[in-house]
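So the structure is just underneath, and the comments pick up after that.
Number of protein chains: 6
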Amino acid sequence: MFLHRKELAYEVKVDDPNPVFARMLQQAIGGVEGEMRVMNQYLFQAWSSRGPERYRDMLLHTGTEEIGHIEMLATAVAMNLDGAPTSVKEEAAINPVVAAKMGGQDPRHLLSAGLGATASDSNGVPFSGSWVIATGNIASDMFANVHAEASGRLLATRLYEATDDAGMKDMLSFLIARDTMHQNQWLAVLEELKSPVPVPNDFPEDKQNQDFAYTFLRHSEGAVPSDARWTSGKSVDGRGEFSEEEGRPLGSVPNLAPAPPEVHDGLEATSNGGGVIHKVKDAVKN
Amino acid sequence: MFLHRKELAYEVKVDDPNPVFARMLQQAIGGVEGEMRVMNQYLFQAWSSRGPERYRDMLLHTGTEEIGHIEMLATAVAMNLDGAPTSVKEEAAINPVVAAKMGGQDPRHLLSAGLGATASDSNGVPFSGSWVIATGNIASDMFANVHAEASGRLLATRLYEATDDAGMKDMLSFLIARDTMHQNQWLAVLEELKSPVPVPNDFPEDKQNQDFAYTFLRHSEGAVPSDARWTSGKSVDGRGEFSEEEGRPLGSVPNLAPAPPEVHDGLEATSNGGGVIHKVKDAVKN
Amino acid sequence: MFLHRKELAYEVKVDDPNPVFARMLQQAIGGVEGEMRVMNQYLFQAWSSRGPERYRDMLLHTGTEEIGHIEMLATAVAMNLDGAPTSVKEEAAINPVVAAKMGGQDPRHLLSAGLGATASDSNGVPFSGSWVIATGNIASDMFANVHAEASGRLLATRLYEATDDAGMKDMLSFLIARDTMHQNQWLAVLEELKSPVPVPNDFPEDKQNQDFAYTFLRHSEGAVPSDARWTSGKSVDGRGEFSEEEGRPLGSVPNLAPAPPEVHDGLEATSNGGGVIHKVKDAVKN
Amino acid sequence: MFLHRKELAYEVKVDDPNPVFARMLQQAIGGVEGEMRVMNQYLFQAWSSRGPERYRDMLLHTGTEEIGHIEMLATAVAMNLDGAPTSVKEEAAINPVVAAKMGGQDPRHLLSAGLGATASDSNGVPFSGSWVIATGNIASDMFANVHAEASGRLLATRLYEATDDAGMKDMLSFLIARDTMHQNQWLAVLEELKSPVPVPNDFPEDKQNQDFAYTFLRHSEGAVPSDARWTSGKSVDGRGEFSEEEGRPLGSVPNLAPAPPEVHDGLEATSNGGGVIHKVKDAVKN
Amino acid sequence: MFLHRKELAYEVKVDDPNPVFARMLQQAIGGVEGEMRVMNQYLFQAWSSRGPERYRDMLLHTGTEEIGHIEMLATAVAMNLDGAPTSVKEEAAINPVVAAKMGGQDPRHLLSAGLGATASDSNGVPFSGSWVIATGNIASDMFANVHAEASGRLLATRLYEATDDAGMKDMLSFLIARDTMHQNQWLAVLEELKSPVPVPNDFPEDKQNQDFAYTFLRHSEGAVPSDARWTSGKSVDGRGEFSEEEGRPLGSVPNLAPAPPEVHDGLEATSNGGGVIHKVKDAVKN
Amino acid sequence: MFLHRKELAYEVKVDDPNPVFARMLQQAIGGVEGEMRVMNQYLFQAWSSRGPERYRDMLLHTGTEEIGHIEMLATAVAMNLDGAPTSVKEEAAINPVVAAKMGGQDPRHLLSAGLGATASDSNGVPFSGSWVIATGNIASDMFANVHAEASGRLLATRLYEATDDAGMKDMLSFLIARDTMHQNQWLAVLEELKSPVPVPNDFPEDKQNQDFAYTFLRHSEGAVPSDARWTSGKSVDGRGEFSEEEGRPLGSVPNLAPAPPEVHDGLEATSNGGGVIHKVKDAVKN
């Protein structure tokens, strides 16, 4: 179960409210790189965890921390909406700064949320549960988590540079730091797992087509750089030897059985009589 | 530009068609772990690549390879739909095997696709472009790619074990092998990048709140295991020293400005006269 | 900020795991009536709250409680997936009970989640942030909340009757009770607001078209029941008198200006010469 | 079945077309608070109604009325798009008013719809059938309907204040009035139902965990206001007595069974030999 | 504005209710081939129509007719849900027919809709406004409409053959007939337009790259059939002469400018010192 | 399987980068009229094709061509983002041209993609697999394809006129030409099919309700134009004679069976005693 403390996890102050920045912050709330995603991702991973406890607990600690980050960002959005334009009356747009705000703000911040945050990204696209990754495989999930924090930190640094508001910069410097830690902690789990790749690491090698497990297949033109790490030498997982070759078909031309009549494939004779299609029909294989 | 060869990248045969397995295969086509996602992910990463060429090219090779995997799986779906039930007439369901098929197949395989594959996952949820990750940061993208291949290989192994069809097992043994290689090749890029973490690795440390960059914050109960890699010792990125502490609020209780009248917050005096809400209204801070 | 306790908010036990019931429980996690929706709804309402504090605090209490309900349900899903079929091999389906499970379970429970819960509804449709209602108007939000708890309790009672598992029934009897309380507490706020309707209750009546503010307009056939509460007598909001009349057009036939050429409306003369469309074009009004 | 009359339900005139306002009006067409939602909601409730006829009929009257409101708003969008910018050529943007329009308009109004309305909200997010609530429980549906009209009227008042176009204000004054009536009529049904809460009102009290049915559980800090309606006194549904207490865990720490091998949880011994994970693995409970 | 008549547009009777067929019927309500799509498509096309009146009116007639088809199908779904299983208790599944129903029915029909229809397709995927096509070009829209009716009629025939319920077959024979008429009427408009293709038919030919306007480009292997209508002879639009050639690149290898520093592309020198990436970085073109 | 060539299918140059045009180009990548849709549509149609080979091959040629168009457009987006604003600092907005860009650009182009393309439309709405039409009926699919190319060409012409960048105009003149060819080639297939309508063309006429197969039903007011092609004369499919009549109900008023108790329809007697609802309940038919 969960408990709440009234203070924010970190201070949130906005010196100069900007509704366009409010819109950008939405990416960090309800975007694919955002806090709703990591919160749910870590908690669902924990709730589905069938052991070991050390990782389940770790996920619960950090998943819970992330709820507080959503809270910080939602607060920051509301603060950035103070004084935002609430009309599209033309006289208001004579000033280019106001014009930029009228053009660049999220209309739903006013219309749907009354100057508050939404559970959406910076284009108003709603948060989707499909972004929540919890596969039941610890290594796969850790790679997902490292990526989530990598793209989250990348987003936070881009937001940092997009604003000159001191309060916002301070808040972001904290979130950037937390994303540093979180990247490191998921990597630490991968380190503990010793040989996590290839994920899953327990599928029997004799059931895998070994001929193609460590070969880089070229499907575009040109030579691969001679010093490429991925075409020669020991594979990163330590289980094979990299090689490379030209991609070529290993299968035959597919040939599906004809459709049964109840599918109505559109190729039946018609009352108008035949034409090319009948010749065609006759020529259909099998 | 792209070219097509008529033969499949690898042989696809189905010995004993099974519409429930056809539905499961959809996860590998249009699901979040599927081939449509990796194809688009690698190609969009390449198309947005502002260098270096070695990675751009590599992404183009493998992104192109993945289109052929979608082709294989779509073919496998169609083959598994041969002879699938095309009615829900009750007499057909007397046999439990048929009953399982009628219950477990995707109704759109017949109704919308005429016994062919769709651009959807195993629950019929359409493929979403929101799953395509291309951040413009090579390290972030590589972690996304390792995860994509990890969850893809995990899916393929689960499918492998869910069927006893020799043709399907052979096809999956090839896809599993390719996912092994692809995990390795994205990891090889990360190896070449030397110190990719924390992503992005060029954000100035003095703009990050260093006090919280390597500290595990506990937000749940209980002690962290004494041998945890993530609470002491050098951080995985080699730039800090892990520590841990109890999560505590570092900010104050948030206090937003009152809403302007045009937001209509619902707290205005009404013609019916007051009550608690008026006392409440008087007490609203700032 | 938020904290976590390791014990569940209420006991979760499953006596006889059933993967079809696991799928049904997903509706209560990631469905439109589910706990992810109410958790986010109450918290976003709180985070956007510009006062009064009593309601902001109340929302924080209950929004936090709901996270624990997601935790309970996700645990229940995982427990119901113990022993679920992990293959579609035909011999397994000889037993009708197994056949029902193979047909009725969510394939992603195995394929994507490794026998754990997902952030989706009972059809695998992902949770959507668009379901999170936080309008910035306290009365509007309270009606949304009453409905959310009404449909949530309805769902829980239907789940209660769909199972004969004692553990699940006990868990649901608790969730049903909480939904009772939550319905009551949102209604209590509406009671405190004294005259919340029509929402928003501060829009000037002289700017509303008063002629149609309390009139039931008939757009279907037949008389309205003579004892209908909504066609005569004082309106429920106490501000008007109900009446009824036949719906009739109050506007004119719309007539849009022609499209500018760069829209390419498809009506231009073509090199093939005219026909009906030219007569048509000539006849286009304005 | 349905019939159409050519005149609009109410007059729609635009004095000064504004493409940014056209975009805002989309929220009232295809947004979660919009007319497509209420139209479908009332009609689906009617079509699924298993009695009584008085409510089924009422829903059909008003659901049909709402189709005409979509028609009005779609007409208003098209009228507001007269003269909208159809290029992004830079010289056009020298005027800040034009700049605001170029920034703030929906690009799909030109590109996809040729200066007409779309079935989307003000951010271009498509209308979703998931917003259509029809639960089969009359009381639950009525609360959904009151909320739908509350948020719809709130949206209409915000639109009213965002424009100074006399035609648009007149149209909105009518829609605002209809939303007043519709709120009242759904409330009138709830009044007729006498004791609709807790919804559903016929679930046996002895199957509900009565200990928690009227208790406000605190999950955040601080005391609840002493005059709070929801912590003491008779419950609003008249069936219980409000109380309050500190939220505390009533369950135990969850402990899931280990995953079966075909899930590939990532914890197996590897050919590289062990490390922490092996110790970890040994320690996994049950 | 719209009016409603209480009788259905055509008789709806179900002799033998079947919840699996109810699920399949959902495809015709809220699926991409369904009635919600055509209703909205025709009405939005009409509402955005800037003339001529004859087509605007025609769209209004048929768009209105389609609302009545949704009504029929929603009624049919509810009737097919009479007696549907409302539990997943195992003893109920002993009969294979019941097992098929338990597996094959839509769980939300019970859980969310109380045995009524939803605004979703046969997999429970919600209707999406993105399927509503209204481009502002009459010819483009007519092709969209012909396709909508073609896939709709195809769906209806597949449903017809999937059931042996006489009432359902009769209802579908009516819907199939209406789809016949609707295909014909949209084709009649195309006939009136004389030379609608290429759509849009008024884009100046000298601004189109004429070298590639009538050439079939081969991007796969093998010869095109010698009697192919699309590689020689007059083009179908009567404006060109078909030819064919091998697809070949007409552009150069793309080469994007390097990313500005605030994008953080991941290629900066790090405190750990260089490696391959530095050589790589030096080699980045422009 | 697929191969890639490094050069673009056609030259892509941007003389004067414009981030607002970059946003508009997204419609042609990930929008419903865009290249991701046609690429997938043609390839899925091919992969599900059960013959004849001539059409399967044709679809593979053109589907493969379309991948190269996505590549061109993604390159064009990236080029248009060179020099795009990367901050919302107010001083930057003093120039109205910059203000228009800041307002009109897609924030995710910077935040999520680091100045590259996304798999989304011009409003940031992700590409959806639900737009990919492959019905298993050749005629239905060809109409879908003609429409896809019609709306695609319409979009390209609107983009052509929205820009004055010579490079972009040249690229679009090529894409416009290809859409001309593609419209023609799908029409050529329909010509070969001789009598494709009504689709599907092999459903037995005696199972269709012939009384309504060629009758235009009026559901709106007013006379149909006397020269309307769709109300008299031979039907376009050559199989019937057009007529017209007033729409009228052919069915009865629907009357569903009462809900079973486990649905909880909200109409049960309550402990508070009756009221109108009890009279109502008594009056429920059947």
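Chains A, B, C, D, E and F are the protein sequences, given in the same order.
Residues 1 to 286, numbered by the numbering used here, are exactly what the first sequence covers, in order.
Residues 1 to 286, numbered by the numbering used here, are exactly what the second sequence covers, in order.
Residues 1 to 286, numbered by the numbering used here, are exactly what the third sequence covers, in order.
Residues 1 to 286, numbered by the numbering used here, are exactly what the fourth sequence covers, in order.
Residues 1 to 286, numbered by the numbering used here, are exactly what the fifth sequence covers, in order.
Residues 1 to 286, numbered by the numbering used here, are exactly what the sixth sequence covers, in order.
We put the beta carbon where it would ideally sit given N, CA and C, even for glycine.
All figures in this text were calculated on a predicted structure; none of them were measured in a lab.
- Item | Cross-chain neighbours of residue 115 (chain A) in chain D, by beta carbon under 9 angstroms | Along the first sequence, one-based indexing puts residue 115 (chain A) at 115. Neighbours of residue 115 (chain A) across chain D, judged by C-beta separation under 9 angstroms, do not exist; the nearest C-beta is about 10 angstroms away.
- Item | 8 angstroms contact criterion, which residue 112 (chain B) and residue 24 (chain B) should meet: CB distance rounded | For the purposes of this step, residue 112 (chain B) is taken as the residue at position 112 of the second sequence. For the purposes of this step, residue 24 (chain B) is taken as the residue at position 24 of the second sequence. Not a contact, Cβ separation roughly 18 angstroms.
- Item | DSSP beta-bridge partners of residue 126 (chain B) | For the purposes of this step, residue 126 (chain B) is taken as residue 126 along the second sequence, with counting starting at 1. Answer is B:120.
- In the DSSP assignment, find the unbroken beta strand (DSSP E) run with residue 264 (chain D) in it and report its ends. As a first step, residue 264 (chain D) must be located in the fourth sequence, where it is residue number 264. Note, residue 264 (chain D): premise wrong, no beta strand (DSSP E); not H, not E.
- Message: Can you look up residue 61 (chain B) in the DSSP assignment and give me helix, strand or coil?
- Response: Residue 61 (chain B) sits at position 61 when you count from the first residue of the second sequence. Here residue 61 (chain B) sits in helix by DSSP.
- Measure the beta-carbon distance from residue 298 (chain D) to residue 87 (chain A) and round it to whole angstroms, keeping in mind my assumption that it falls under 8 angstroms. Nothing in the structure corresponds to residue 298 (chain D), since chain D is present only between 1 and 286.
- Using the beta-carbon of each residue, which ones in chain E are nearer than 8 angstroms to residue 71 (chain D)? The residue given as residue 71 (chain D) occupies position 71 in the fourth sequence. Those within 8 angstroms of residue 71 (chain D) in chain E are 1, 2, 43 and 47.
- Message: If the cut-off is 8 angstroms on Cβ atoms, which residues from the segment 5-24 of chain C count as contacting chain A, listed in chain order?
- Response: 5, 6, 7, 8 and 9
- Item | Where residue 194 (chain A) falls: helix, strand or coil (DSSP) | Sequence index remark: in the first sequence, residue 194 (chain A) carries index 194 (1-based). It is coil, neither helix nor strand.
- Message: 8 angstroms is my cut-off, CB to CB: does residue 103 (chain B) come that close to chain C?
- Response: Counting from 1 along the second sequence, the entry for residue 103 (chain B) is found at position 103. True, the Cβ-Cβ gap to chain C drops below 8 angstroms.
- Leaving out five residues before and five after residue 142 (chain E) in sequence, what residues of the same chain have Cβ atoms less than 6 angstroms from its Cβ? By one-based count along the fifth sequence, residue 142 (chain E) stands at place 142. 186, 189 and 190.
- Three-way DSSP call (helix, strand, coil) for residue 149 (chain D) in this model: By 1-based counting over the fourth sequence, the position of residue 149 (chain D) is 149. Reduced to three states, the DSSP call for residue 149 (chain D) is helix.
- Message: Does residue 220 (chain B) pass the burial test, meaning 16 or more other C-beta atoms within 10 Å, or should it be called exposed?
- Response: If you number the second sequence from 1, residue 220 (chain B) lands on position 220. Buried, since its Cβ has 16 or more Cβ neighbours within 10 Å.
- Report the rounded CA-to-CA distance for residue 232 (chain C) versus residue 197 (chain C), giving the unit in angstroms. As a working mapping, residue 232 (chain C) is identified with position 232 in the third sequence. As a working mapping, residue 197 (chain C) is identified with position 197 in the third sequence. Each residue's Cα considered, the two are about 18 angstroms apart.
- Of all the options E:229, E:223 and E:250, which has the alpha carbon lying nearest to the alpha carbon of residue 57 (chain F)? Within the sixth sequence, the letter at position 57 stands for residue 57 (chain F). Nearest option by C-alpha distance: E:223.
- Query: Got a sec? Which residues, its chain only, sit under 7 angstroms from residue 27 (chain E) by beta carbon, not counting five neighbours each side?
  - Reply: Translated into the one-based positions of the fifth sequence, residue 27 (chain E) becomes position 27. Within the same chain, residue 27 (chain E) has close Cβ partners 33, 34, 121, 122 and 155.
- Message: I want to verify the contact list: residues of chain D whose CB lies under 8 angstroms from the CB of residue 252 (chain C), in sequence order.
- Response: Numbered from 1 along the third sequence, position 252 holds the residue referred to as residue 252 (chain C). Within chain D, the residues near residue 252 (chain C) are 7, 8 and 11.
- Determine, using beta-carbon pairs with one atom in the segment 60-67 of chain A and one in the segment 61-81 of chain D, whether at least three such pairs fall under 8 angstroms. no
- Task: Could you pull out every residue in the same chain whose Cβ sits closer than 8 angstroms to the Cβ of residue 43 (chain E), ignoring the five residues on either side in sequence?
- Result: Taking the first residue of the fifth sequence as 1, we reach residue 43 (chain E) at position 43. Counting only Cβ-Cβ distances below 8 angstroms, and skipping sequence neighbours, we find 59, 60, 63 and 64.
- What are the residues of the segment 123-138 of chain A that lie near chain C, defined by any Cβ-Cβ distance shorter than 9 angstroms? 125, 126, 127, 128, 129, 130, 131, 132, 133, 134, 135, 136 and 137
- Between residue 145 (chain D) and the rest of its own chain, which residues show a CB-CB distance below 6 angstroms, the 5 nearest in sequence each way excluded? Taking the fourth sequence and counting its residues from 1, the one referred to as residue 145 (chain D) is at position 145. Excluding sequence neighbours, residue 145 (chain D) sits near 186.
- Cβ contact (3+ pairs, closer than 8 angstroms) linking the segment 2-10 of chain B and the segment 1-12 of chain F: yes
- Query: Per DSSP, residue 4 (chain E) forms a beta bridge with which residues?
  - Reply: Taking the fifth sequence and counting its residues from 1, the one referred to as residue 4 (chain E) is at position 4. According to DSSP, residue 4 (chain E) bridges with D:2.
- Item | Limits of the alpha helix (DSSP H) - the one that residue 111 (chain E) falls within | For the purposes of this step, residue 111 (chain E) is taken as the residue at position 111 of the fifth sequence. From DSSP, the alpha helix (DSSP H) with residue 111 (chain E) extends over 107-111.
- Which residue from E:253, E:259, E:215 and E:261 puts its Cα closest to that of residue 240 (chain E)? As a working mapping, residue 240 (chain E) is identified with position 240 in the fifth sequence. Comparing Cα-Cα distances from residue 240 (chain E) to each of E:253, E:259, E:215 and E:261, the minimum goes to E:215.
- Out of A:235, A:40 and A:193, point me to the one whose CA is closest to residue 212 (chain A)'s CA. Here residue 212 (chain A) refers to the residue found at position 212 when the first sequence is read from its first residue. It is A:235 whose Cα lies nearest to the Cα of residue 212 (chain A).
- Task: Name, in chain order, the residues that DSSP records as bridge partners for residue 216 (chain B).
- Result: Locating residue 216 (chain B) in the second sequence gives position 216, counting from the first residue. Beta-bridge pairing links residue 216 (chain B) to B:244.
- Would you mind stating whether residue 205 (chain F) and residue 182 (chain F) have Cβ atoms separated by less than 8 angstroms? As a first step, residue 205 (chain F) is located in the sixth sequence; it is residue number 205 there, counting from the start. As a first step, residue 182 (chain F) is located in the sixth sequence; it is residue number 182 there, counting from the start. The criterion of a C-beta distance shorter than 8 angstroms is not satisfied by residue 205 (chain F) and residue 182 (chain F).
- CB contact below 8 angstroms: residue 57 (chain B) versus chain A: For the purposes of this step, residue 57 (chain B) is taken as the residue at position 57 of the second sequence. Yes, residue 57 (chain B) counts as interfacial toward chain A.
- Message: Tell me the DSSP secondary structure of residue 13 (chain A) in three-state form.
- Response: Numbered from 1 along the first sequence, position 13 holds the residue referred to as residue 13 (chain A). Three-state result, residue 13 (chain A): coil.
- Query: How would you write the range of the alpha helix (DSSP H) that residue 29 (chain D) sits in, first residue to last?
  - Reply: Locating residue 29 (chain D) in the fourth sequence gives position 29, counting from the first residue. It spans 19-30 - the alpha helix (DSSP H) in which residue 29 (chain D) sits, taken as one unbroken run.
- Query: Are the C-beta of residue 87 (chain B) and some C-beta of chain F separated by less than 8 angstroms?
  - Reply: Against the second sequence, residue 87 (chain B) aligns to sequence position 87. No, its Cβ sits nowhere closer than 8 angstroms to a Cβ of chain F.
- Message: Going by DSSP in three states, residue 272 (chain C) sits in which element: helix, strand or coil?
- Response: For the purposes of this step, residue 272 (chain C) is taken as the residue at position 272 of the third sequence. Note on residue 272 (chain C): pLDDT 40, under 50, position unreliable in the model; the coordinate value appears next. In the structure shown, residue 272 (chain C) falls within a coil segment according to DSSP collapsed to helix, strand and coil.
- Taking 7 angstroms as the cut-off, is the CB of residue 154 (chain E) close to at least one heavy atom of the ligand GDP? Judged by which ligands are present, the structure shown has none, so any question about the ligand GDP falls away.
- Query: When the cut-off is 8 angstroms and only beta carbons count, does residue 36 (chain A) lie next to chain B?
  - Reply: Along the first sequence, one-based indexing puts residue 36 (chain A) at 36. Not one chain B Cβ lies under 8 angstroms of residue 36 (chain A).
- Beta-carbon spacing of residue 127 (chain B), residue 30 (chain B) below 8 angstroms: Working through the second sequence from its first residue, we reach residue 127 (chain B) at position 127. Working through the second sequence from its first residue, we reach residue 30 (chain B) at position 30. Yes; because the gap between Cβ atoms is below 8 angstroms, this pair is in contact.
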